[in-house]
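Single-structure report; data block below.
In my numbering, the protein residues as written are 3 to 174.
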């Protein structure tokens, strides 16, 4: 259907569900939104990235330990090292370190740029999670999950803005 038809359908649904305190009516309005699951999940993925950008530049609050090792791995990959695993471990991969090394080669060595790899990984996980939530339940529940994941998860402010890699599936 065209965008015009989607908008007309949205208006009909909006008029058919008058504003009441009834949760079912509110859910009906969300389910009539003219955007599909892909657009909604992409929106929340981008929103989660944008809302955490200021924390990329405050890496000095929590850079240390494994995050520092990940950053050094990316720098050493630029220097010719080719690790398959995280330094000192045999179960944590190094794929993200190669991605970070590519970004560092293009934009220059910078801890915030290396932390952006973790943030991109988190944003992708938010988008995929919202998409799966919409497919499994409804747009209403997907949007609530997206708001929660993008805004109300303070624990992620610490871990998704430092260069700490190796557990991409763990974010979901």
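Backbone N, C-alpha and C define an ideal beta-carbon position, used for all residues, glycine too. Predicted, not measured: the structure shown is a model, and the values here were computed from it.
Three-state secondary structure (DSSP) of residue i
i           : result
residue 95  : strand
residue 166 : coil
residue 89  : coil
residue 32  : helix
residue 39  : helix
Run of the alpha helix (DSSP H) containing residue i, from where it starts to where it stops
i           : result
residue 59  : That residue, residue 59, is in no alpha helix (DSSP H); it is neither H nor E in DSSP.
residue 68  : 68-80
residue 126 : 113-138
residue 110 : From DSSP, residue 110 is part of no alpha helix (DSSP H); its letter is neither H nor E.
Residue i vs residue j beta-carbon contact at 7 Å
i          : j           : result
residue 58 : residue 130 : no
residue 89 : residue 120 : no
residue 36 : residue 136 : no
residue 49 : residue 154 : no
residue 46 : residue 148 : yes
Same chain, Cβ closer than 6 Å to residue i, neighbours up to 5 away in sequence not counted
i          : result
residue 84 : none
Using 8 Å as the threshold, is the segment 106-123 in touch with the segment 140-151, meaning 3 or more CB pairs across them?
-> no
Looking at C-beta atoms only, is the number of pairs between the segment 93-104 and the segment 125-136 that lie closer than 8 Å three or more?
-> Taking 8 Å as the limit for Cβ pairs, the verdict is that the segment 125-136 does not touch the segment 93-104.
Would you check if there are 3 or more beta carbon pairs closer than 8 Å linking the segment 92-99 to the segment 69-80?
-> Result yes; three or more Cβ-Cβ pairs closer than 8 Å.
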